[in-house]
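Under our numbering, the residues of the sequence shown are numbered 29 to 155, in order. All residues carry an ideal CB built from backbone N, CA and C; glycine is no exception. On a predicted model such as this, the values are computed, not experimentally measured, just so you know. A short write-up of the structure that comes next.
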Amino acid sequence: MNSLTIYLILVPVIGFVLLLLNILLAKHVPYSEKVTSYECGFSPIYGQNRSPFTIQFYLVGILFLIFDIEIFMTMPYALTVYETSHYGFWIVMVFFVILILGFVFEFNSKALYFSQVQPAEDEDTEE
């Protein structure tokens, strides 16, 4: 057996053994807070499981999605950096410039502020 086969057999076995030990040795103390539903940082209010979310939750989700796509798109370059030479480097730089421009646009449109109070616009006051 080669080392990959041993690895593919040994890792799940160790995982299941640790999970079984946790189930057998852990103290089980159920109480009401453990069995209630908990979603997105909000506890349900007297059976009401759905409450309206602010747009910031969706914005955070979209930002994480964009970050994941960024990692997904740059990973092939990171793995083949020596084979792609200058052409691959400039393709990745263009990709990062587009991401930076998007971030600057988000920052300037105040989409990254998550509090209810938006920062005041710069006002020219005469004294």
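Determine the DSSP secondary structure at residue i, reduced to helix, strand or coil.
| i | result |
| --- | --- |
| Tyr110 | helix |
| Glu155 | Any reading at Glu155 must be qualified, since the residue scores a pLDDT of 49, below 50, and its modelled position is unreliable; the value itself is stated next. In the structure shown, Glu155 sits in coil (DSSP, three-state: anything other than H, G, I, E or B). |
| Ser137 | coil |
| Thr102 | helix |
| Val88 | helix |
If contacts are defined as beta-carbon pairs under 8 Å, then residue i and residue j qualify, I think. What distance do you get, rounded to the angstrom?
| i | j | result |
| --- | --- | --- |
| Glu134 | Leu140 | 6 Å |
State the Cα-Cα distance for the pair residue i and residue j, rounded to the nearest angstrom.
| i | j | result |
| --- | --- | --- |
| Tyr105 | Thr112 | 8 Å |
| Phe131 | Tyr86 | 17 Å |
| Glu61 | Thr108 | 49 Å |
| Val41 | Glu98 | 34 Å |
| Leu52 | Tyr35 | 26 Å |
| Met29 | Phe44 | 22 Å |
| Trp118 | Tyr110 | 13 Å |
| Pro58 | Tyr115 | 59 Å |
| Ile83 | Leu49 | 43 Å |
| Ile94 | Val88 | 10 Å |
| Leu32 | Leu47 | 23 Å |
Taking Cβ positions, are residue i and residue j nearer each other than 8 Å?
| i | j | result |
| --- | --- | --- |
| Met101 | Phe123 | yes |
Along the alpha helix (DSSP H) that carries residue i, what are the first and last residues, could you check?
| i | result |
| --- | --- |
| Leu53 | 31-53 |
Compare the C-beta of residue i against all C-beta atoms of chain C and say whether one is closer than 8 Å.
| i | result |
| --- | --- |
| Ile128 | Structure shown: chain C not included; a single protein chain is present. |
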